[in-house]
Structure formats: structure tokens, C-alpha cells
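Undergrad:
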Amino acid sequence: MAGFAIPRLVIFGLVTIFAFAVLGVDAHITSILAKSGTTTPIEGMGLATALFTILSIPAIVFSPKGSFPTTVLFETIWLSILWVFWLTTAALASDLRIKAMKELGPKGCAKLRDDAMALCMELPGIEGLSYVNWLLLMFYTVALCVFLYMARNGGHPNVWSASAREFPYSTRSNVDSPSNGTAYKHELPSSASV
């Protein structure tokens, strides 16, 4: 388990830090657009995704042992939802950046001034960080599912309700070992002839 606990905390830490960065940049974009009375879909999606991440990831990490947020089932479902949110945020930012670059032409953001230039320069930041968070969460969720499959095939019962912190990712269960006398033994009936 120790081999997976540290990467888990590193991934959760990076995702949370990047979510704070997206929240700050998106809040700045929202304040600029509020002055002109316009809105974009990236504002709401970016703010919501960053807030969901900032509130839920520490709750998963610091929940008491045995609580529902620490189970493999909850972590797998919730992190899958979060990476879809991050992918949506990244796609919206990409779409808005591509449309803006088509309108601005070859000079891009260089021909803009003040708030418009800040908007143009900050949009790729939201896009990049959103893609990174999507990849980190997707990688972690897929790895968790692979280890879940391995543990289930290794004979661990109730893998979905196990704690994600102490989940037996790569060890074999003692349920199938012959030393405890519970292993299945194939014997021919006494009347069978060979």
C-alpha cells in the first residue's frame, strides 16, 4: 500500500493547488467581464469545477478512517465526475481561445490593451491547468480501477467498501492460501476410476 499512498497524496495535492490557480484566474476573468456586462460559459464552469475540487479533495484526504468519503467506491465515482468537469472546463476554454484567436488574427493578443489583453493572456492558463487536472484525475482513477481489479482477482472481499488509504492494492489475500485451510481442493469421488 505504501507504494500507492504517496502518489495518491501527490496527485491530490497538485490537483488542489492547480484548482486554486484556476479559481483565481477565473475569478479575475469574471471581474473583468462583469465591468462590461458580458459573460462566457467558461466563467461558471471554471469557478464551479475549481470550488468542487477545492472543497472535496481535502474532505476525501482528511475524512476519518472508515467514513464513506474514504471508500474506494466513493473515490472512484466522485473523482470520475471531477475529471469530467475538468475536461469540460478545458474544452470550453479551448473553444473560447480558438474563437478569440480567429478574430484577432496573426498578431493575437499583442494588438489588445489593458483588460482585453489580460483576458486574452489568462485564458490559456485556465485551459492548460484544466487539462493537467483532467489528466491527473483520470490517470489516478484508471490506476485505482486497475488496482481494484487486481485486488478483486487476488481474493480480497469487499474491495468497493475498503478504505482507499489502506486498500490492499497489490498483495494477495490470505483467503486463498492453503495454510489457513480454506483453499478449494479438487478431489475425485471415491467411486471414480482413473
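Just so we're aligned: 48 in the numbering used here is position 48 of the sequence shown, and the numbers increase by one with no gaps anywhere.
Cβ coordinates follow ideal geometry from the N, Cα and C atoms, glycine included.
A quick note: this is a predicted structure, and the numbers were derived from the prediction, not measured.
Once the 5 residues before and after TRP134 are set aside, which same chain residues still bring their CB inside 7 Å of it?
TA: As a working mapping, residue 134 is identified with position 134 in the sequence shown. Counting only Cβ-Cβ distances below 7 Å, and skipping sequence neighbours, we find TRP83, TRP86, LEU87, ALA90.
Undergrad: Tell me whether THR38 sits in a helix, a strand or coil according to DSSP, three-state version.
TA: Taking the sequence shown and counting its residues from 1, the one referred to as residue 38 is at position 38. If DSSP states are grouped into helix, strand and coil, THR38 belongs with coil.
Undergrad: With distances taken from CA atoms, which of GLU75, ALA100, LEU129, CYS120 is nearest SER161?
TA: To locate residue 161, count along the sequence shown from 1; it is residue 161. Closest option to SER161, Cα to Cα, is GLU75.
Undergrad: Going by DSSP, name the residue or residues bridged to THR71.
TA: Sequence index remark: in the sequence shown, residue 71 carries index 71 (1-based). SER163, per the DSSP bridge assignment.
Undergrad: Do three or more CB pairs link the region 117-130 to the region 63-78 at distances below 8 Å?
TA: Contact between the region 117-130 and the region 63-78 is absent, because fewer than three Cβ pairs lie under 8 Å.
Undergrad: For ARG8, name the three-state secondary structure that DSSP assigns.
TA: Residue numbering aside, residue 8 sits at position 8 when the sequence shown is read from its first letter. It is helical.
Undergrad: LEU123 and ALA164: beta carbons closer than 8 Å?
TA: Taking the sequence shown and counting its residues from 1, the one referred to as residue 123 is at position 123. Taking the sequence shown and counting its residues from 1, the one referred to as residue 164 is at position 164. No, the Cβ-Cβ distance between LEU123 and ALA164 is not below 8 Å.
Undergrad: Should the region 25-42 be regarded as contacting the region 59-75, the criterion being three or more beta carbon pairs within less than 8 Å?
TA: Too few Cβ pairs lie closer than 8 Å, so no.
Undergrad: Of the residues ILE17, LYS65, PHE62, which one's Cα is nearest the Cα of ALA50?
TA: By one-based count along the sequence shown, residue 50 stands at place 50. That would be ILE17, whose Cα lies nearest to the Cα of ALA50.
Undergrad: Would you mind stating whether LEU119 and ILE32 have Cβ atoms separated by less than 8 Å?
TA: For this step, residue 119 is matched to residue 119 along the sequence shown. For this step, residue 32 is matched to residue 32 along the sequence shown. Yes, they are a contact pair.
Undergrad: By the DSSP assignment, the alpha helix (DSSP H) with SER130 in it spans what residues?
TA: Along the sequence shown, read from residue 1 onward, the residue named residue 130 stands at position 130. Here the alpha helix (DSSP H) through SER130 covers 114-153.
Undergrad: Excluding the 5 residues preceding and the 5 following ARG198 in the sequence, name in chain order all residues of the same chain whose CB lies nearer than 7 Å to its CB.
TA: Residue numbering for the chain in the displayed model covers 1 to 194; residue 198 lies beyond these limits and cannot be assessed.
Undergrad: Could you work out which residue in HIS156, VAL146, PHE139 is closest to VAL10 when comparing CA atoms only?
TA: What you label residue 10 is simply residue 10 of the sequence shown in a count that begins at 1. The candidate whose alpha carbon is nearest that of VAL10 is PHE139.
Undergrad: Taking only three categories from DSSP, how would you classify LYS65?
TA: Start at 1 with the first residue of the sequence shown, and residue 65 comes out as number 65. In the structure shown, LYS65 sits in coil (DSSP, three-state: anything other than H, G, I, E or B).
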